[in-house]
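A.B. asks: Going line by line, the protein sequences match chains A and B.
Going by this note's numbering, 336 is the number at position 341 of the first sequence; the sequence numbering is gapless.
Going by this note's numbering, 335 is the number at position 340 of the second sequence; the sequence numbering is gapless.
For glycine and all other residues, C-beta sits at the position ideal for the given N, C-alpha and C.
Source: prediction; values computed, not measured.
2 protein chains.
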Amino acid sequence: MVKVGILGVGTVGASVANILETNADILEARAGKKIVVKTGVVKNLSKDRGVSIKLSDNPMDIINDPEIDIVVELMGGVEEPYILVKKALENGKAVVTANKALLAYHRYELQEIAGDIPLMYEASTAGGIPIIGALRNGLTANHIQSIQGIMNGTTNYMLTKMINEGALYDEILKEAQELGYAEADPTFDVGGFDASHKLLILASIAYGIDAKPEDILIEGIENITQTDVAFAKEFGYEIKLLGIAKKVKDGVELRVHPTMIPASSMIAKVDGVMNAVSVVGDSVGETMYYGAGAGGDATASAVISDIVDIVRGNHGPMLGYKKPLESGMDLLFESEIVTNYYLRMSVVDQSGVLAKITKELEKFNISIESMLQKPHRDDELVKLLFTTHACQEEKIQEAIIELKRLDCVHGDIAMIRIEK
Amino acid sequence: MVKVGILGVGTVGASVANILETNADILEARAGKKIVVKTGVVKNLSKDRGVSIKLSDNPMDIINDPEIDIVVELMGGVEEPYILVKKALENGKAVVTANKALLAYHRYELQEIAGDIPLMYEASTAGGIPIIGALRNGLTANHIQSIQGIMNGTTNYMLTKMINEGALYDEILKEAQELGYAEADPTFDVGGFDASHKLLILASIAYGIDAKPEDILIEGIENITQTDVAFAKEFGYEIKLLGIAKKVKDGVELRVHPTMIPASSMIAKVDGVMNAVSVVGDSVGETMYYGAGAGGDATASAVISDIVDIVRGNHGPMLGYKKPLESGMDLLFESEIVTNYYLRMSVVDQSGVLAKITKELEKFNISIESMLQKPHRDDELVKLLFTTHACQEEKIQEAIIELKRLDCVHGDIAMIRIEK
């Protein structure tokens, strides 16, 4: 019999406890041993958790219990779980965590501390989708060329509504909050931070890159308007908040931002709260993994798959490498990213305006791929929409600063990156 | 260093040898050991294989070589590879096979023979997509409710062309043969047999069901016409050749047949030669896995992932169970399947015909959900298209026999199953 302790019995923790009980028959057959939860730890013992396990409010009742083989960490936060996970590993206990923030900041230290002790984290990225297993075990033959992931259900729900129903950003954010898809302070989701944690975890397995959220380009969906959505539709794109990891000649690009992608691509077809990760490998070509990225039971499914793998003896290497990668890859600076861009700006309706703008872009060697100007009322500013050929991020950022200085350009210039 | 022998150095075997060489750096870092091919076995030594490994025409040069740790079986066929894989396992060698037919017939004997020796087969099902790993490891927490897979690229290519370009079956079969997607004798693909082998492998992992291809319902795409395609479009369906495993109250349905599925479902959006498998679990909900189902490099990607897992010590249990499943599930008879049906029949243009047909269906308690009759020339038979509410396969089969006996019905009645 294998005994499990759960740090944090919230929605996911309760699902883990309940599924281990209700699916005990099939789990014992698959794992070869009975798996039972001995203790759950919560902050507030008076709240009903809907579980039949023994509860405590002292994490040490799990960490120091010699009977407990596997510690499941579902507390959230970074530094407190880091200390507890460290202690659990030092006590020789295997650890399963769903904590993406913990891993975004401490995965390499934890790998070091864990050594040969299993530390598994399937649930940290894209919920129930077994993407960690796919990348760490299923695609080992491949140099990974790119990863593009819809790894945040809140923003995908919002963008889907904006695209399919013409909803405005503020309306749909309010709706998402009412449905419980978005938090009262939605920044962590809509700002792209949640997705960045997951991207960093995947980038470690794919490329062995040790980066933290503050090292990479992160942009949220806050500035997407119906004008952008309409343009995307007309030019055959969908707009998705993607976590992108991409191997290029001189290193690896890591970035999270709203992205125009061809509407015909598989990942463009992923709607609502669902998540999906597309991985391109040099041998396998494109593969994609789709499913629920959140929710108690879906996340618990991933947590329990890790427990079963530990019981079976199938685990690790934690970050996918048994030996350091000799041909290690470097993270590119934001300024070095090369991609196509969409620009939206408001200009006065005068002759010569277009010439001024294209001349400015020319200075930075940026060439226009397509342009759209819709009919407008005489008293309105003209909305100019461009897409560019591939150019360097640094150039487009400089060009935007210069364009904003032109008298004919009013207000901000919006930019969305395009992946073909 | 780990030494590998390859039985069968055709397209996939050559890809395995070449990728192990070109991606040796990353493979050694991931597996922790250097992996090298010592020997490849081919029937005809005079043919150039485009590989730099030592070739032999005697399988025993691998099976009996004490230096070889892992035998990769890529020969095809059933009985010859069965004997060789058996001997390799008896000699204590781990085995990796891409051979779906071998597993469709002998997976339970092989599991018995292998015992604790790794026998891996990721490449046998859906090519480069790591679906075996997902189902065997990633989804262990779940009672699997259903599997729906596009597991044959040839037929998906043909159906996509028929649907998107209005191509006729015979035209598109010829084109697929010219492109090398279909064999001179296409029966194995278009008849659904290839997909059935893969379905049986997945059904073992999901349900522990020991069945052979002749035990299950297998229908091909040979009778799909543009009439069916047009109807499907009008009623919001796509037609796909699916391998379906479905847990119902009294057991498990296993079947391969052309299927009308909602055009809005993710799997309906998988076009061309690509494969995809949708798996619904009781905890995780729907997950889907997408990628190339064939091709040398994509298949080799899966073969090599198994080799790396073996080197890492992460393998098995072969069919997903460490202990027999106590609540084992039974395969339902074909006649017991319950689903919705589409029927196409040609009838004479007389009053009372529709009444006769609906009366006949009523006798079998089959109720009509939708009906379509298009305008036609006076001298033509009328094409009547129905869909039914859910009913038992036995009833629909009997009803079709009775309907064909009616004077007003001419020729055959086509039937396509619908999954909602």
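Within the chosen definition, does the stretch 272 to 291 of chain B reach the stretch 158 to 175 of chain B through at least 3 CB pairs nearer than 8 Å?
C.D. replies: Result no; under three Cβ-Cβ pairs closer than 8 Å.
A.B. asks: Mark residue 221 of chain A as exposed unless 16 or more other C-beta atoms lie within 10 angstroms of its C-beta, in which case mark it buried.
C.D. replies: Residue 221 of chain A comes out exposed.
A.B. asks: Determine contact between the stretch 10 to 17 of chain A and the stretch 30 to 47 of chain A, defined as no fewer than three beta-carbon pairs at a distance below 8 Å.
C.D. replies: Yes, the stretch 10 to 17 of chain A touches the stretch 30 to 47 of chain A.
A.B. asks: At a CB-CB cut-off below 8 Å, which residues of chain B make contact with residue 151 of chain A?
C.D. replies: Those within 8 Å of residue 151 of chain A in chain B number zero; the least Cβ separation is about 14 Å.
A.B. asks: Going along chain A in order, which residues have a C-beta closer than 7 Å to the C-beta of residue 282 of chain B?
C.D. replies: By Cβ distance, chain A contributes 123, 124, 285 and 286.
A.B. asks: Give me the residue from B:329, B:233, B:278 and B:218 with the minimum Cα distance to residue 408 of chain B.
C.D. replies: Checked all of B:329, B:233, B:278 and B:218; the closest Cα to residue 408 of chain B is B:218.
A.B. asks: Residues bridged to residue 383 of chain A by DSSP?
C.D. replies: In the DSSP output, where bridge partners are listed per residue, residue 383 of chain A has A:363.
A.B. asks: Please state if the CB of residue 386 of chain A and the CB of residue 342 of chain A are separated by a distance shorter than 7 Å.
C.D. replies: No, the pair does not count as a contact, with Cβ atoms beyond the cut-off.
A.B. asks: When you compare each of A:125, A:208, A:123 and A:133 to residue 123 of chain B by their alpha carbons, which one comes out closest?
C.D. replies: Checked all of A:125, A:208, A:123 and A:133; the closest Cα to residue 123 of chain B is A:133.
A.B. asks: Counting only the same chain and skipping the five closest in sequence on each side, list residues whose C-beta sits under 8 Å from that of residue 351 of chain B.
C.D. replies: Closer than 8 Å at Cβ, skipping near neighbours: 401 and 403.
A.B. asks: Under 7 Å between C-beta atoms, does residue 304 of chain A make it to chain B?
C.D. replies: Taking Cβ atoms only, chain B reaches closer than 7 Å to residue 304 of chain A, which makes this a yes.
A.B. asks: Please work out which residues of its chain come closer than 8 Å, Cβ to Cβ, to residue 303 of chain B, disregarding the five sequence neighbours upstream and downstream, and give them in chain order.
C.D. replies: These residues qualify, in order along the chain: 22, 25, 26 and 30.
A.B. asks: Could you say if the stretch -4 to 8 of chain B and the stretch 252 to 267 of chain A meet the contact criterion of at least three C-beta pairs nearer than 8 Å?
C.D. replies: Output reads no: the stretch 252 to 267 of chain A does not touch the stretch -4 to 8 of chain B.
A.B. asks: Based on DSSP bridge pairs, tell me the residues matched to residue 200 of chain A.
C.D. replies: Answer is none; residue 200 of chain A lacks a bridge partner.
A.B. asks: Ignore the nearest five residues each way along the sequence and tell me which others in residue 327 of chain A's own chain have a CB closer than 6 Å to its CB.
C.D. replies: So the list reads 246 and 248, once near-sequence residues are dropped.
A.B. asks: Please determine, among B:227, B:139 and B:147, the residue with the shortest C-alpha to C-alpha distance to residue 366 of chain B.
C.D. replies: Checking every option, the nearest Cα to that of residue 366 of chain B belongs to B:227.
A.B. asks: What are the complete alpha helix (DSSP H) segments, minimum 4 residues, inside the stretch 109 to 185 of chain A?
C.D. replies: List check, alpha helix (DSSP H) in window: 148 to 160, 164 to 173 and 182 to 185.
A.B. asks: Could you pull out every residue in the same chain whose Cβ sits closer than 6 Å to the Cβ of residue 76 of chain A, ignoring the five residues on either side in sequence?
C.D. replies: 68, 70, 94 and 97, listed in sequence order.
A.B. asks: Identify whether residue 370 of chain A lies in helix, strand or coil by the three-state DSSP scheme.
C.D. replies: Looking at residue 370 of chain A - three-state DSSP - the assignment turns out to be coil, as it is neither helix nor strand.
A.B. asks: How would you label residue 354 of chain B, buried or exposed, when you count the other beta carbons within 10 angstroms and need 16 or more for buried?
C.D. replies: The residue in question, residue 354 of chain B, is exposed, as its Cβ has fewer than 16 Cβ neighbours within 10 Å.
A.B. asks: Is there contact between the stretch 137 to 156 of chain B and the stretch 168 to 176 of chain B, where contact requires at least three CB pairs shorter than 8 Å?
C.D. replies: Output reads yes: the stretch 168 to 176 of chain B touches the stretch 137 to 156 of chain B.
A.B. asks: Near residue 65 of chain B, which residues of its chain fall below 7 Å by C-beta distance, leaving aside the five closest residues on each side in sequence?
C.D. replies: Answer for residue 65 of chain B: -3, -1, 88, 89, 91, 302 and 305, listed in chain order.
A.B. asks: Could you check the C-alpha separation between residue 383 of chain B and residue 212 of chain A for me, to the nearest Å?
C.D. replies: In a straight line, the C-alpha of residue 383 of chain B is about 53 Å away from that of residue 212 of chain A.
A.B. asks: Specify, as a first and last residue, the run of the alpha helix (DSSP H) that residue 13 of chain B falls within.
C.D. replies: Per DSSP, residue 13 of chain B belongs to the alpha helix (DSSP H) from 6 to 17.
A.B. asks: So, helix, strand or coil for residue 97 of chain B, using DSSP?
C.D. replies: Here residue 97 of chain B sits in helix by DSSP.
A.B. asks: If residue 141 of chain B and residue 240 of chain B are in contact, beta carbons under 8 Å, what's the gap, nearest whole angstrom?
C.D. replies: Contact flag correct, Cβ pair sits at about 7 Å.
A.B. asks: Tell me which same chain residues have a C-beta within less than 7 Å of the C-beta of residue 398 of chain B, skipping the five on either side of it?
C.D. replies: If we look at residue 398 of chain B and ignore the five residues flanking it on each side, its Cβ neighbours are 340, 352, 355, 404 and 408.
A.B. asks: Cα separation between residue 39 of chain B and residue 187 of chain B?
C.D. replies: Between residue 39 of chain B and residue 187 of chain B, the C-alpha separation is close to 31 Å.
A.B. asks: How about the stretch 97 to 116 of chain B and the stretch 307 to 314 of chain B: do they share at least three Cβ pairs that are nearer than 8 Å?
C.D. replies: With the cut-off at 8 Å, the stretch 97 to 116 of chain B and the stretch 307 to 314 of chain B touch.
A.B. asks: Within a Cβ cutoff of 8 Å, which residues of the same chain sit near residue 377 of chain A, ignoring the five residues on either side of it in sequence?
C.D. replies: Correct list, in chain order: 341, 342, 343, 344, 348, 368 and 371.
A.B. asks: CB residue 139 of chain B to CB residue 198 of chain B, shorter than 7 Å?
C.D. replies: Their beta carbons are not under 7 Å apart, which means residue 139 of chain B does not touch residue 198 of chain B by this criterion.
A.B. asks: Any beta carbon from chain B within less than 7 Å of residue 116 of chain A's own beta carbon?
C.D. replies: Output row for residue 116 of chain A: interface = no.
A.B. asks: Can you find the residues in the same chain that come closer than 8 Å, C-beta to C-beta, to residue 53 of chain A, ignoring five residues on each side of it along the sequence?
C.D. replies: These residues qualify, in order along the chain: 36.
A.B. asks: Verify whether the separation of the beta carbon atoms of residue 418 of chain B and residue 58 of chain B is less than 7 Å.
C.D. replies: Because chain B here runs from -4 to 415, residue 418 of chain B falls outside it and cannot be looked at.
A.B. asks: What's the C-alpha gap between residue 325 of chain A and residue 299 of chain B?
C.D. replies: Spanning the two alpha carbons is a distance of roughly 26 Å.
A.B. asks: Is there a C-beta anywhere in chain A that falls below 7 Å from the one on residue 210 of chain B?
C.D. replies: For residue 210 of chain B, the answer is no, since every Cβ of chain A falls outside 7 Å of its Cβ.
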